[in-house]
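Novice: One structure, as structure tokens, below. Some questions next.
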Amino acid sequence: AIIAAPREVFLRTGTTQADAETFINYPRSLNTVKVAVFLKETEKGLVSVSLRSKGKDHDVAQVAAAFGGGGHRNAAGCKLRDTSIGEVREKLLAELLPLVTR
Numbered sequence: 165a166i167i168a169a170p171r172e173v174f175l176r177t178g179t180t181q182a183d184a185e186t187f188i189n190y191p192r193s194l195n196t197v198k199v200a201v202f203l204k205e206t207e208k209g210l211v212s213v214s215l216r217s218k219g220k221d222h223d224v225a226q227v228a229a230a231f232g233g234g235g236h237r238n239a240a241g242c243k244l245r246d247t248s249i250g251e252v253r254e255k256l257l258a259e260l261l262p263l264v265t266r
């Protein structure tokens with residue numbers, strides 16, 4: 165499951181980046197979700213990616229590493245510059261689909 169919060173959402177609602185820190189827990193709480201991803205545009209052209217997985221079968225650290233990030237098997241992240249949430253989503257899907265369909 166992938167959820168996203170564009171920068172415009174934060175600007176329109178007056179919320180902060182810290183207000184969104186727990187958003188990743190919503191898709192992760194669903195029984196059928198193996199990997200949860202939260203894409204957050206923190207400033208124009210900068211997308212922060214949070215990856216979470218359940219169990220030991222889905223190593224999200226390897227996905228984050230493919231984009232210059234890091235973390236642990238079940239919790240990882242990265243930041244991508246000069247891009248959009250849509251572009252990041254497409255790139256992540258290419259990395260994630262083989263991971264969750266095995």
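This note's numbering runs 164 ahead of the 1-based position in the sequence shown. Backbone N, C-alpha and C fix where the C-beta goes; we use that ideal spot for every residue, glycine too.
For the region 186-193 against the region 224-235, do three or more pairs of beta-carbon atoms, one drawn from each stretch, fall closer than 8 angstroms, so that the two count as touching?
Specialist: Between the region 186-193 and the region 224-235, the count of Cβ pairs shorter than 8 angstroms is below three; the stretches do not touch.
Novice: Looking at A240 and L215, is the spacing between their C-beta atoms short of 8 angstroms?
Specialist: Taking the C-beta atoms as reference points, A240 is found nearer than 8 angstroms to L215.
Novice: Let me know if G233 comes out buried or exposed under the rule of 16 or more other beta-carbons within 10 Å of its beta-carbon.
Specialist: buried
Novice: Smallest Cα separation from I166: which of G178, S217, F231 and L175?
Specialist: S217
Novice: Comparing alpha-carbon positions, which option in K204, E172, T196 and A228 lies nearest A182?
Specialist: K204
Novice: Anyone know if the C-beta pair for V199 and V252 falls short of 8 angstroms?
Specialist: no
Novice: How many angstroms separate the CA atom of V201 from the CA atom of G209?
Specialist: C-alpha separation (whole angstroms): 18 angstroms.
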